[in-house]
Structures are given as structure tokens and as C-alpha cells.
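Numbering (full-length UniProt numbering), first residue to last: 1 to 346.
Virtual Cβ for every residue (Gly too), placed ideally from N, Cα, C.
Quick caveat, the model's predicted, so the values are computed rather than measured.
Heads up: the structure comes next, in C-alpha cells.
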């Protein structure tokens, strides 16, 4: 009987130990699963942070109000849009994120191209690659040639200097090979100015910035001139009421000489003594401005008239006195008509 009870106790003890081992195994498994879950969460945290940062950057880009591009606006709008997106709107985005963000602003034709372009399939494309593909698609050769021709023929016309320099900069982007040299660029800009401004800008300015600054200065000085002086210089009547600066680029040079002659003042050296007026840019002498330099305009240095020089000036008393004191030419002796004909007197 005692042996029977011992067997029962041993059996119960074995079952209890088995249950304990099973419980320990389950506990160990739960701990392992917990550690694995924690490891998975820890590994996924950086990815979530990156994704959240990416979404935040794109939302910030959208809040800046970037313009849309449909692909039908033309080469000038396409170029301006691309530069605006790159420099101002997408400047804070990572290089590979720029393409994805900019793709959200493409509509219609441009959107269809962006989705179907094989080279842009997938993610992580570099911005430089997108720029090349974008220009190949939306910058046609015909449009480029047309803009180059516009730049070659660009004239200030009725534009202000500020408007002209804006148009010059916009078109020169498509003809950089023509004005890459700073001196050539400056001269090309100067040649496009209206004649009444260009004639007052010396050609020795070597940079585009210098010519532009001088043109602005001349324009401001011109606008400050009294209306009477503007009409005298342009040859317009006061009855016309023209208040705008006249465009003289198409007037003959001789006509302009006569106008300048009419208003060119006598050298006022005595009046300017003690003042801080700069010398003339052309002849380096004081008493007159570059605009009225008679030597530059080819006028008589004495009276300011065209067509003769100071040594021939009829108003110069020295020249006139020398002409009066000169002896009159002697007339040839008279010869009888008969002798002229070769006959002898009878």
C-alpha cells in the first residue's frame, strides 16, 4: 500500500515539474517575442522619422506657392518656371526630393510627360538629370533661334532703361555665346539704347554694369531737365505738350548737330571757376559737359557752328582781320584784241 502511494506522489511530482518546464518555456518564448518586437520597433523608428521629414518638407514646399507648369506656355515661361522652382522654392529640399516635389506642380501635357518618361521611372532621380530631360522636352530649337534673333535686334525704343535692361537680361540667356566677353556685352547693350542716351555715354566703359549705371544716370538727368530744354533738344513745339523724353535714334546726325549747335553754350569757364564740376569726359577740359563738347561733335571751337573749323570761322576776328589785311590779287595787264588773236598792229 505504501508503495502505491509513493508511485502516485512520484507521478504527481513529475507532472508538476513538466508543467513548470512548460511554463518556463512559455515565459521564455514571450520574453523572446517581446525583445523581437522591441527590436523591430527600434529598427522601424528611423524609417518613420525619415518619412515624416519627407512629408514635412514637401508640405513646406507647397506652402511657398510654387507655380504650376502645363507644358504649353512656351520656352520663356518654362525657363523662368524652372529657375524659380530651383532657386527659390526647392532650394531647401534634398536633391532627390526636388524631382518628386516639382512633379506635383506639373499638369496636363507636362504631367503626362513626367509620368511616361522612362528615364524618370521610380524614385531617387537627381535634379541635374531632371533639368536635362525637361529642357530637351520643352525647349525647342525653333524657339531658341527665335529668341536669339530677338536679342540681336533688341532696341530700347519706348522702354525705360530699367525695362530695357530687364529685357536684355531675359533674352541674353539664350545667346550667351554672343556676349560672353564683358566688353562685347557692354557694347551690345550700349548700341541698343536710344540715340539721345547712347550719344552721351562714352564708349570707353568696359563693363555692362558701368554702361547700365551711366544710362540710368543720363536718363535721370534728362528727366530733370526743364521742358523747354527738352523741346529745344528734340526740336518739338511747346504746343505739342510732349512731356516724354523724345526718341532720337532715327534722326540724321546732321540734324542733331544743328540742334546741339542751337543750344551749345559758349564756354563758361569764368562762371564755373571755384565750382566742383567735373571736366568733360572727352576733351578733359572744364567749362562744359560731355553732352556739349564741340570737339567731340566736330563743331567749330569758336562759334559752335558746323561745317568749318576755328581757323576758318567767319566770326573769329583774327581770321576776319587777316582776310581784310591780305592784298588784293593783281589783275593781269590788258592785251589788245588784235594781239590776242595774233595779228600785228598796222
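For residue i, three-class secondary structure by DSSP
| i | result |
| --- | --- |
| residue 106 | strand |
| residue 114 | helix |
| residue 302 | coil |
| residue 69 | strand |
| residue 98 | helix |
| residue 287 | coil |
| residue 15 | helix |
| residue 92 | coil |
| residue 64 | coil |
| residue 315 | coil |
| residue 119 | helix |
| residue 51 | helix |
| residue 307 | coil |
Range of the contiguous alpha helix (DSSP H) that encloses residue i
| i | result |
| --- | --- |
| residue 77 | 75-84 |
| residue 217 | 208-224 |
| residue 129 | 127-138 |
| residue 418 | The question about residue 418 has no answer here: the residues shown for the chain are numbered 1 through 346. |
Contact check, residue i vs residue j, beta carbons under 7 Å
| i | j | result |
| --- | --- | --- |
| residue 161 | residue 125 | no |
| residue 189 | residue 174 | no |
| residue 285 | residue 303 | no |
| residue 193 | residue 156 | yes |
Pairwise C-alpha distance: residue j and residue i
| i | j | result |
| --- | --- | --- |
| residue 228 | residue 151 | Bear in mind that the predicted position of residue 228 carries a pLDDT of just 49, short of 50, making it too unreliable to give a figure here. |
| residue 279 | residue 292 | 12 Å |
| residue 121 | residue 115 | 8 Å |
| residue 112 | residue 210 | 46 Å |
| residue 223 | residue 158 | 14 Å |
| residue 24 | residue 59 | 51 Å |
| residue 168 | residue 154 | 8 Å |
| residue 429 | residue 95 | With the chain covering 1 to 346 only, the question about residue 429 has no answer from this structure. |
| residue 184 | residue 86 | 30 Å |
| residue 105 | residue 195 | 45 Å |
| residue 20 | residue 27 | 10 Å |
| residue 52 | residue 64 | 19 Å |
In chain order, each alpha helix (DSSP H) run of at least 4 residues that lies wholly inside the region 146-202: Counting whole runs of 4 or more residues, the region 146-202 contains the alpha helix (DSSP H) stretches 161-172, 182-191, 195-198.
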